[in-house]
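A.B. asks: One structure is given below, represented as structure tokens, and several questions about it will come after.
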Amino acid sequence: MSRRLIPFWKKAPFFRLLLPLVAGILIHWYSPPPLPVTVRITSLSLLLTLSWILVPVGLRFRFRFVPAVSVALLLVCAGMLLVWKKDPRNDPSWAGPSPSYRTIEIETSSSPVEKTGSLKCTGYVSILQDSSGRTSRARAGIWIYLEKHPLFRHLPPGSRLLFHKPLTAVSSSGNPYAFDYQRYSLFQGITHQVYLLRSETVILPPADHGFTRTFLPGLQERVLTIIRRYVPGQREAGLAEALLIGYKPDLDPGLVKSYTDTGLAHVIAISGMHLALVYWILLLLFRPLEKRKGFRWLAPVFTLAGLWVFTLLAGAQPSILRSAVMFSCIVLGRSISRTNPICNSLSASAFILLCYNPFWLWDLGFLLSYAAVASLLIFMDPIYRAIWFRNKFVNMAWQSVATSIAAQVLTLPVSIYSFHQFPNYFVLSNLVAVPVSTAVLFAEIILCAVSFAEPLAAFTGAAISFTLRVLNQLIGHLASLPFATWDGLQVDLLQCIFLYLLVLATWYWLRHKNPKALCAGLVLLFLFMTSRSISFTHAIAQDYILVYNVPKKQVLTRVRGRSCLHLGDSTVATENSFHLAPEHIHSRLHGIMGTDSPIPASADRAWVTGTIN
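Mapping the sequence shown onto numbering that gives the first Met the number 0, position 594 (from 1) lands on 593, and the numbers just tick up by one.
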């Protein structure tokens, strides 16, 4: 039988395990059953799965679907239990912001990053002491906001802070369709926050947590020191830090916007592209070991160690963790002389990562990373083979263009749903930025390796700075061109699902010439256009008044149809547009007429954030 005729689910058995696990995660988050019910179902499905070997062979063949159903049910329950376990609100060691706690000790887990009015870092509550002097240990994530004091600016990870101040729960702004900061924090394992002044904080000696808390942060700080010393230019050094280890606090905001508007967010967000280069370098370094029979086993060990040290050094973000797990599967498969289909390695990595943290299912980096790789696996070859060029260099350029187009196919719906924009020049920007950023990443690795030789390191750093400066100017020019970004796009979740199904139906029809797939695609296109028409009809008929929750500002918007009148502080429309933009995009408002007219006194406290129909 031809290899092409093997069904996808047979080539990727982990994909069949991944689907029920994802279903269980979604079920528990959106409609959680009582925990005792989940435990009973888990026990029954586990008992049925284990006892199936005792069933006679004849009955096993007749009811061969039973073990598949029991395993699927077991994985659904496993997904639900993982969500329950990962939710910090279910941890008995965390009591929340109880007023009985007078003294709290926290431990920082990251270095402070400067914000507008404070320094911000993450940490853990480690010890709680109530008014009677009784202490208890806890392990709960917390946002730490610090006064801009010299002693706070250089706090290393693992620093311990002691204070007498209640914690406050993390909350969202409450504005319609705004970013849900409370849910985002919860998915990071954080439920509370605190603002500390230097006068009310006692800094204790840092705790020693060995490799992950001492060695890796020290190594990361060493890499940052090398880049800041040898790469001239603040913007270029900040971009170099993000390219190599994913350190983003030094990135220039204007530069980030230019890269985002031109479809290059994946360049400044460390991803599989970076780890693929590290994997290739490790293969070259340890290839001599593979040729020696007695030392052959050291090659995969050293390769795996190198991959995971780089992953931890880069912050272990979901996008690079996905790549690390997938490359680990590839290394293990090569070490035992077995070929493992890339789709199965991809499914296995997703399964492992969701078992570790089921909340990554809502992480945009996680979703976009898998969507991009799946899109490349499905669409890269057909798009590339659609056009053939005789010239070698033209063919290489077309391969890069085909890669950019293929990666956009499955990432486009979720990008529009989440970011409401589309970079029109993504092909041109990727054609230039991807090879240049790859070369810069390779040069940065060389810079770290030769940092002991100052003249050579200075030359390498100057070359990196010059290359990044030219690249930044080019990307900035592309971002300033007319129609560089198609913004204000809005699709709801149902329309996003219709788009994905439409893409898959169209691909199946083109690949297999199946008329049923063509009919399904036309039906999905009709459903998508109908849903869009209904949403525009609702937008034209809308009529309401909205009062926004903006700190230290008064903002009121009068919406009629797709037009709106903005009253209150006119600076909000420009300085704090993230408060207004989600509602304007969702309601399809095409403009804001800003004024400095004050909000009527009668409306100041009579209205709350929400809509009035």
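Even for Gly, the Cβ is constructed at its ideal location relative to N, Cα and C.
Could you pull out every residue in the same chain whose Cβ sits closer than 7 Å to the Cβ of L297, ignoring the five residues on either side in sequence?
C.D. replies: Same-chain partners within the cutoff: L288.
A.B. asks: In three-state terms, what does DSSP make of A139?
C.D. replies: Looking at A139 - three-state DSSP - the assignment turns out to be strand.
A.B. asks: Would you list the one or two residues that DSSP bridges to E582?
C.D. replies: Per DSSP, none; premise fails for E582.
A.B. asks: Taking the C-alpha atoms as reference points, what is the distance between F14 and A432?
C.D. replies: The straight-line gap from Cα to Cα measures roughly 33 Å.
A.B. asks: What three-state label does DSSP hand R559 in the structure shown?
C.D. replies: Three-state result, R559: strand.
A.B. asks: Touching or not, the stretch 180-196 and the stretch 126-146, by the rule of three or more beta carbon pairs under 8 Å?
C.D. replies: Short answer: they touch.
A.B. asks: Mark Y258 as exposed unless 16 or more other C-beta atoms lie within 10 angstroms of its C-beta, in which case mark it buried.
C.D. replies: So Y258 ends up on the buried side.
A.B. asks: For E613, count the other beta carbons within 10 Å of its own beta carbon; 16 or more makes it buried, fewer makes it exposed. Which is it?
C.D. replies: The structure shown does not extend to residue 613, since the chain spans only 0 to 612, so no value can be given for it.
A.B. asks: Suppose the cutoff is 6 Å on Cβ atoms and the five residues either side in sequence are ignored; what does the same chain contact list for V277 look like?
C.D. replies: The answer, listed in chain order, is F309.
A.B. asks: Smallest Cα separation from L154: which of G332, T200, A67?
C.D. replies: That would be T200, whose Cα lies nearest to the Cα of L154.
A.B. asks: Does W485 come out as helix, strand or coil in the three-state DSSP assignment?
C.D. replies: Correct three-state label for W485: strand.
A.B. asks: Within 10 angstroms of its Cβ, does T134 collect 16 or more other Cβ (buried), or is it exposed?
C.D. replies: Exposed, since its Cβ has fewer than 16 Cβ neighbours within 10 Å.
A.B. asks: With three or more C-beta pairs closer than 8 Å as the rule, is the stretch 386-400 touching the stretch 349-369?
C.D. replies: Counting Cβ pairs under 8 Å, fewer than three are found: no touch.
A.B. asks: Provide the residue span of the beta strand (DSSP E) that contains T261, from first to last.
C.D. replies: That residue, T261, is in no beta strand (DSSP E); it is neither H nor E in DSSP.
A.B. asks: What is the DSSP secondary structure of Y547, reduced to helix, strand or coil?
C.D. replies: Y547: coil per DSSP, three-state reduction.
A.B. asks: Got a sec, what are the start and stop residues for the alpha helix (DSSP H) R63 sits in?
C.D. replies: Note, R63: premise wrong, no alpha helix (DSSP H); not H, not E.
A.B. asks: If you drop the 5 nearest sequence neighbours on each side, which residues of the same chain put their C-beta closer than 6 Å to that of C120?
C.D. replies: If we look at C120 and ignore the five residues flanking it on each side, its Cβ neighbours are T107, S109, P111, I143.
A.B. asks: Take L493 as the anchor and find which of S125, G57, L588, T529 has the nearest alpha-carbon.
C.D. replies: Nearest of S125, G57, L588, T529 to L493, Cα basis: T529.
A.B. asks: Below 8 Å on the Cβ atoms is my contact criterion, and I expect G188 with A268 to pass it. Report the Cβ-Cβ distance as a whole number of Å.
C.D. replies: Going by Cβ atoms, the distance from G188 to A268 rounds to 21 Å, so no, they are not a contact pair.
A.B. asks: Measure the Cβ-Cβ separation of Y383 and Q398 and say whether it is below 8 Å.
C.D. replies: Against a cut-off of 8 Å, the Cβ pair of Q398 and Y383 comes out as a contact.
A.B. asks: Would you give the residue range spanned by the beta strand (DSSP E) that S125 belongs to?
C.D. replies: Start and end: 118-129.
A.B. asks: Rank L312, F358, K292 by C-alpha distance to the C-alpha of S334 and give the top, closest one.
C.D. replies: Closest by alpha carbon: K292.
A.B. asks: Should H511 be labelled buried (16 or more other beta-carbon atoms within 10 Å of its own) or exposed?
C.D. replies: With fewer than 16 Cβ atoms within 10 Å of its Cβ, H511 is classed as exposed.
A.B. asks: Mind checking V469: buried by the 16 CB within 10 Å criterion, or exposed?
C.D. replies: It is exposed - the Cβ of V469 has fewer than 16 other Cβ atoms within 10 Å.
A.B. asks: Tell me, which residues are paired with I103 by DSSP?
C.D. replies: Answer is L127, F162, bridged to I103.
A.B. asks: Pick helix, strand or coil for Q613, following the three-state DSSP scheme.
C.D. replies: Limits of the chain in this structure are 0 at one end and 612 at the other, which puts residue 613 out of reach.
A.B. asks: Just how far apart, CA to CA, sit V75 and R39?
C.D. replies: So the two alpha carbons sit approximately 13 Å from each other.
A.B. asks: Among the residues of its own chain, which have a CB less than 7 Å from the CB of A264, if the five just before and after it don't count?
C.D. replies: Closer than 7 Å at Cβ, skipping near neighbours: Y258.
A.B. asks: Out of C447, I377, A349, L49, which one is the CA nearest neighbour of L404?
C.D. replies: First, the residue type needs correcting, since residue 404 is Ile and not Leu in the sequence shown. The candidate whose alpha carbon is nearest that of I404 is I377.
A.B. asks: Could you give the uninterrupted runs of the alpha helix (DSSP H) lying entirely in the stretch 411-497, keeping only those of 4 residues or more?
C.D. replies: Counting whole runs of 4 or more residues, the stretch 411-497 contains the alpha helix (DSSP H) stretches 425-448, 453-479.
A.B. asks: F418: which of Y176, V435, P434 sits nearest, CA to CA?
C.D. replies: Selected option, being the one with the closest Cα: Y176.
A.B. asks: Drop a sphere of 10 angstroms on the beta-carbon of L166, count the other beta-carbons inside from all chains shown, and report buried for 16 or more, exposed for fewer.
C.D. replies: L166 comes out buried.
A.B. asks: Output the distance between the C-alpha atoms of L281 and T302, rounded to the nearest integer angstrom.
C.D. replies: Straight-line Cα distance between these residues: approximately 6 Å.
A.B. asks: Considering only residues of the same chain and omitting the five flanking positions on each side of L243, which have a CB-CB separation below 6 Å?
C.D. replies: Same-chain partners within the cutoff: E443.
A.B. asks: Between the C-alpha atoms of L488 and K290, what's the straight-line distance to the nearest angstrom?
C.D. replies: L488 and K290: Cα-Cα distance of roughly 55 Å.
A.B. asks: Are there three or more Cβ pairs, one per stretch, closer than 8 Å when the stretch 440-456 is compared with the stretch 516-530?
C.D. replies: No, they do not touch.
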